[in-house]
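Structure first, then comments.
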Amino acid sequence: MRLRATASRRLAFLLTLVAGLAVTQPPEPAGYDHATPGRAAYDHAAPCPASVPYRSGASGYHTFRIPAALQVPGGALLAFAEGRRDSAADNGDIDLVLRRSLDGGCTWQPPQLVADAGKDTVGNPVPVIDPRSGDIVLVTCRTIGGATKRQVTSGRAAASVRRVYVQRSTDGGRTWSPQRDITESVKPSGWRWYAVGPGHGAALRHGRHRGRLLVPANHSAGTNGRSGGHSLYSDDGGHTWHVGYVSRSAGGPLALNESTFAELPDGTVYINARDHDRAAEGTRADAYSTDGGLTLAVPFRPQPQLTGPTVQGSVLQVSGRPWRSPLLYSGPSDPDKRLRMQVRASDDGGRSWRPVRSLSDDPAGYSDLVQTSTATVGLLYETGLTTYHDTIRFTRLPLGTLSFEW
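Using the working numbering, read the sequence shown as starting at 7 and increasing by one per residue.
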């Protein structure tokens with residue numbers, strides 16, 4: 007399928023530029039280094055604590071939702087989002103858009119249209135960098151013909167309308183290949199609804215599966231609408247994809263979706279997921295894989311210490327530090343409503359958690375954590391004063407300012 011950008015959408019972007027809503031950037035700095043992991047071009051000097059790359063109503067879109075963040079080694083910070091054309095709804099005319107920052111998230115280049123499927127829905131971005139080639143691999147989903155999730159899960163719409171795609175960038179996110187359909191490789195017969203992420207994927211760095219790309223995903227089977235989690239993996243840099251584990255649960259009837267991965271320092275993959283039906287204690291569940299996401303060594307069980315509403319969350323294993331390198335989690339902390347974005351930390355691989363930074367009491371929704379340097383992480387998250395999807399905000403979190411005392 008070829009990427010299409012309609013004349014009206016190009017005009018909307020141009021009008022945004024004329025109005026001064028998009029901040030232009032200088033070219034990549036001298037000494038741009040694709041091989042230096044975890045260092046942004048201007049990260050240490052970035053003077054701003056926060057910025058707003060997406061504001062609903064801008065660039066011809068009604069709403070921006072579903073953030074995903076990625077730090078290009080030695081280069082740009084990428085902020086992906088769904089650009090929802092006509093409403094805040096999860097279905098309809100939805101594009102995938104991107105903004106790049108060359109100064110650690112202080113200012114942002116004009117929005118780019120990464121994937122546009124006409125009136126169809128494109129979304130659930132999962133970006134990951136292939137460590138061998140340096141390419142950015144982006145996995146997304148598409149719904150054909152305007153069907154809703156409820157219609158697909160119940161059987162009122164064909165399962166085949168929900169599809170999975172991959173595309174690549176070889177130049178740090180400046181340009182993108184057309185979307186390539188990988189549905190037949192990753193969606194077994196009998197599965198109906200299907201979603202990846204959303205949020206960053208994982209490139210494994212340790213053990214015999216070093217270099218493997220992992221993408222979190224979920225599915226429904228039958229017509230009762232209940233969801234389960236699974237993994238996708240690629241051992242050839244994102245060119246071919248396979249299904250890894252398919253979730254089994256312990257400790258309650260978990261309905262898993264919107265999972266997130268982090269590789270722990272010993273190579274174990276930590277998996278954290280939303281318990282969509284709140285059937286077990288709390289709204290989160292976690293599991294572990296010791297074979298690179300192929301199977302689960304410890305099945306999913308409730309994680310009651312991560313209190314919050316039913317919502318997506320993000321995990322990130324901090325790396326590259328000679329001292330404490332915690333596992334981080336982000337998500338709203340109000341037990342019932344999408345409010346009070348908070349970052350929590352674990353020093354024991356996800357078994358126990360404690361708050362280390364509360365960002366505000368405002369409405370808050372989906373989020374994605376990203377490490378921008380050895381000293382700093384960033385959080386790209388939905389927030390606003392009236393609703394949780396008024397804006398997508400980026401906040402820099404120097405690790406030295408987080409409350410790691412136990």
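Note that CB positions come from ideal geometry on N, CA and C, so glycine has one too.
Note that the structure is a prediction, hence the values are computed from the model and not measured.
Leaving aside the five residues before and after residue 223 along the sequence, list all residues of the same chain whose C-beta is less than 6 Å from its C-beta, in chain order. The sequence position of residue 223 within the sequence shown is 217, counting from 1. For residue 223, where only same-chain residues beyond five positions count, the Cβ hits under 6 Å are 202, 236 and 238.
So what does DSSP say about residue 264, is it helix, strand or coil? Counting from one through the sequence shown, the residue named residue 264 turns up at place 258. DSSP places residue 264 within a strand segment (E or B) once states are collapsed to three.
Among 65, 375 and 137, which one has its Cα closest to the Cα of residue 92? Numbered from 1 along the sequence shown, position 86 holds the residue referred to as residue 92. In this structure, 65 is the residue among 65, 375 and 137 with its C-alpha nearest to the C-alpha of residue 92.
Cβ contact check for the segment 127–147 and the segment 169–177: 3 or more pairs under 8 Å: Touching, yes.
Complete beta strand (DSSP E) runs within the segment 97–152 (minimum length 3 residues, chain order): DSSP runs (the beta strand (DSSP E)) wholly in the segment 97–152: 100–107, 118–121, 127–135 and 142–149.
For the candidate residues 348, 250, 319 and 96, whose alpha-carbon lies nearest to that of residue 69? Along the sequence shown, read from residue 1 onward, the residue named residue 69 stands at position 63. Checked all of 348, 250, 319 and 96; the closest Cα to residue 69 is 96.
Under 6 Å Cβ to Cβ from residue 274, same chain only, skipping five residues before and after it: list those, please. What you label residue 274 is simply residue 268 of the sequence shown in a count that begins at 1. The answer, listed in chain order, is 294 and 296.
In this structure, does DSSP put residue 191 in helix, strand or coil? On the sequence shown, position 185 is the one that residue 191 refers to. Here residue 191 sits in helix by DSSP.
So is residue 47 buried or exposed if we call it buried at 16+ other beta carbons inside 10 Å? Working through the sequence shown from its first residue, we reach residue 47 at position 41. With a pLDDT of only 37 at residue 47, under the threshold of 50, the placement of this residue in the model should not be trusted; the figure read from the coordinates follows. Under this definition residue 47 is a buried residue.
Smallest Cα separation from residue 358: which of 369, 368, 335 and 380? Taking the sequence shown and counting its residues from 1, one reaches residue 358 at position 352. Of 369, 368, 335 and 380, the smallest CA-CA separation from residue 358 is found for 335.
By Cβ distance below 7 Å, which residues in the same chain neighbour residue 160 in space, the five residues on each side in sequence not counted? Position 154 of the sequence shown, counting from 1, holds the residue named residue 160. Within the same chain, residue 160 has close Cβ partners 229 and 231.
Measuring straight from C-alpha to C-alpha, what distance separates residue 311 and residue 353? Position 305 of the sequence shown, counted from the start, is the residue given in the question as residue 311. Position 347 of the sequence shown, counted from the start, is the residue given in the question as residue 353. Cα-Cα distance, rounded: 14 Å.
Helix, strand or coil: which one does DSSP assign to residue 409? Locating residue 409 in the sequence shown gives position 403, counting from the first residue. If DSSP states are grouped into helix, strand and coil, residue 409 belongs with coil.
Taking residue 386 and residue 73 to be in contact with their CB atoms under 8 Å, please state how far apart those CB atoms are, rounded to whole angstroms. Along the sequence shown, one-based indexing puts residue 386 at 380. Along the sequence shown, one-based indexing puts residue 73 at 67. That pair is a contact at about 4 Å.
Cut-off 6 Å between Cβ atoms - residues of its own chain near residue 58, not counting five sequence neighbours on either side: Position 52 of the sequence shown holds residue 58. Here the set comprises 397 and 399.
Could you check whether residue 270 and residue 306 sit closer than 7 Å to each other, using their CB atoms as the reference points? On the sequence shown, position 300 is the one that residue 306 refers to. On the sequence shown, position 264 is the one that residue 270 refers to. Not in contact: residue 306 and residue 270 (Cβ atoms no closer than 7 Å).
Spatial distance of residue 251 from residue 368 (CA atoms): Here residue 251 refers to the residue found at position 245 of the sequence shown. Here residue 368 refers to the residue found at position 362 of the sequence shown. Their backbone Cα atoms lie some 37 Å apart in a straight line.
Between residue 222 and chain C, is the shortest Cβ-Cβ distance under 7 Å, so that the two count as touching? Protein chains in the displayed structure number just one, and chain C is not present.
With distance defined between alpha-carbon atoms, name the residue in 62, 84 and 71 nearest to residue 384. Taking the sequence shown and counting its residues from 1, the one referred to as residue 384 is at position 378. When C-alpha distances from residue 384 are compared across 62, 84 and 71, the shortest belongs to 84.
Once DSSP output is grouped into helix, strand and coil, what is the label at residue 183? For this step, residue 183 is matched to residue 177 along the sequence shown. Note: residue 183 maps to coil in three-state DSSP.
Applying the 10 Å Cβ sphere with the 16-neighbour rule, what's the burial state of residue 184? Counted from its first residue, the sequence shown places residue 184 at position 178. Flag for residue 184 reads exposed.
Should the segment 369–378 be regarded as contacting the segment 203–220, the criterion being three or more beta carbon pairs within less than 8 Å? Verdict: yes, contact present.
With 16 as the cutoff for other CB atoms within 10 Å, does residue 112 come out buried or exposed? Stepping through the sequence shown from its first residue, residue 112 is reached at position 106. Burial of residue 112 is indicated by the presence of at least 16 other C-beta atoms within 10 angstroms of its C-beta.
Residue 160 - DSSP class collapsed to helix/strand/coil: Taking the first residue of the sequence shown as 1, we reach residue 160 at position 154. In this structure, residue 160 counts as helix in the three-state DSSP scheme.
Whether residue 197 touches residue 163 by CB criterion (7 Å): For the purposes of this step, residue 197 is taken as the residue at position 191 of the sequence shown. For the purposes of this step, residue 163 is taken as the residue at position 157 of the sequence shown. Here residue 197 is not near residue 163, since their CB atoms are 7 Å or more apart.
Would residue 409 be called buried (16 or more neighbouring beta carbons within 10 Å of its own) or exposed? Within the sequence shown, the letter at position 403 stands for residue 409. A residue is called buried once 16 or more other Cβ atoms fall within 10 Å of its Cβ, and residue 409, having fewer, is exposed.
Using CA atoms only, rank isn't needed, just tell me which of 130, 135, 144 and 182 is closest to residue 168. As a first step, residue 168 must be located in the sequence shown, where it is residue number 162. Measuring C-alpha to C-alpha distances from residue 168 to each of 130, 135, 144 and 182 identifies 130 as the nearest.
Alpha-carbon to alpha-carbon, residue 337 and residue 395: As a first step, residue 395 must be located in the sequence shown, where it is residue number 389. As a first step, residue 337 must be located in the sequence shown, where it is residue number 331. Counting only the Cα atoms, residue 337 lies some 14 Å from residue 395.
Are there 16 or more other CB atoms within 10 angstroms of the CB of residue 125, so buried, or fewer, so exposed? Position 119 of the sequence shown holds residue 125. Around the beta carbon of residue 125, a 10 Å sphere encloses fewer than 16 other beta carbons of the protein chains shown; the residue is thus reported as exposed.
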